[in-house]
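In the working numbering, the protein residues as written are 92 to 172.
Cβ atoms here follow ideal geometry from the backbone N, Cα and C, with glycine treated the same way.
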């Protein structure tokens with residue numbers, strides 16, 4: 092960690108009661124911006140159709156890989172009998 096991230100990390104993960112709440116944006120000093128993450132001028136709260144399709148395709152590939160792994164494990168267990 093560099094000097095900035097070390098001090099930032101210590102400030103965010105201070106373990107006193109008030110420090111814990113500052114980590115989540117609450118606490119006494121939150122009004123002055125301490126403990127808050129910088130926000131972009133515009134943040135989308137939705138995914139485009141293309142992004143949803145790409146995400147679902149990745150998810151489907153992960154599910155298929157997991158199903159193959161389960162089938163292989165099941166075959167090994169059945170072969171051991």
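Quick one: residues in its chain with C-beta nearer than 7 Å to the C-beta of residue i, no 5 flanking neighbours on either side, listed in chain order?
i: residue 158; result: none
Which whole-angstrom value is the C-beta distance of residue i and residue j, which I expect to be below 8 Å?
i: residue 138; j: residue 146; result: 7 Å
I need the straight-line Cα distance from residue i to residue j, nearest angstrom please.
i: residue 166; j: residue 135; result: 46 Å
i: residue 155; j: residue 140; result: 22 Å
i: residue 35; j: residue 153; result: Residue 35 falls outside the range modelled here, since the chain spans only 92 to 172, and no answer is possible.
i: residue 149; j: residue 143; result: 10 Å
i: residue 171; j: residue 163; result: 12 Å
i: residue 133; j: residue 169; result: 55 Å
i: residue 128; j: residue 151; result: 33 Å
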